[in-house]
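One structure is given below, encoded as structure tokens.
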Amino acid sequence: MIQKSRLTPYLSRLELGADLPAWIEKLTAPAPAMASADAFILPRLDMVESEGSIRVTVELPGVAKSDVAVEVCGSTLYVKGRKQDASDADAVCHRQERQRGRFCRILLLPADVRPDAMSCELANGVLTIDLPKAATA
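With the sequence shown counted from 1, adding 148 to any position gets you this note's numbering.
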């Protein structure tokens, strides 16, 4: 007697054996190229709070400093921009895996900060934003 589990409905849908190489190919294949030049990308980030400040680091490989805007409005941090590619318009692209397009990350800050004392640095494809905390009354 076969014992049913919570995975039984899902396992019965998978036809392994001869189809296994095809499944592996589908799972490991890169995402298809985005057809639109205005695609939306979501850069990865970290937000770390210390005693006196909040530091946000955002992965932005290939993004120019002039293509990034950082703004604090109240207790919200906005990181916006565009990742462009200087490709040759006459060339034929056979494979396109790198993401390009607009991005916008909106973060609710865990503490009040002083936006006027914010510092930003973009180096080696990583944007580092330091936000000193506001003095508490």
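Idealized CB from N, CA, C, for every residue including glycine.
Whether Gln244 touches Lys231 by CB criterion (8 Å) = Their beta carbons are not under 8 Å apart, which means Gln244 does not touch Lys231 by this criterion.
Would you tell me roughly how many angstroms separate the C-alpha atoms of Ile148 and Ala217, rounded to the nearest one?
-> Look at the range of the chain in this structure, 149 to 285, and you will see that residue 148 is not part of it.
Can you tell me whether DSSP reads Pro280 as helix, strand or coil?
-> In the displayed model, Pro280 falls within a strand according to three-state DSSP.
Between which two residues does the beta strand (DSSP E) carrying Leu123 extend?
-> As displayed, the chain neither begins before 149 nor continues past 285, which places residue 123 out of reach and without an answer.
Range of the contiguous beta strand (DSSP E) that encloses Leu225 = In the DSSP annotation of this structure, the continuous segment of the beta strand (DSSP E) that includes Leu225 starts and ends at Thr224 to Lys231.
Spatial neighbours of Lys228 within its chain, please: CB distance less than 6 Å, with the 5 preceding and 5 following residues excluded, ordered by chain position.
-> Ala217 and Cys252.
So, helix, strand or coil for Asp238, using DSSP?
-> When DSSP states are grouped into helix, strand and coil, Asp238 belongs to the coil group.
Figure out for me which residue from Ile189, Asp194 and Phe188 has the closest Cα to the Cα of Leu257.
-> Selected option, being the one with the closest Cα: Asp194.
Assigned exposure category for Val261 - 16 Cβ within 10 Å defines buried = Counting Cβ neighbours within 10 Å, Val261 comes out buried, since at least 16 surround it.
For the beta strand (DSSP E) holding Leu270, just list the boundary residues, first then last.
-> Per DSSP, the continuous beta strand (DSSP E) segment holding Leu270 begins and ends at Ser267 to Ala271.
Report the three-state DSSP secondary structure of Ser198 (helix, strand or coil).
-> In the displayed model, Ser198 falls within coil according to three-state DSSP, outside both helix and strand.
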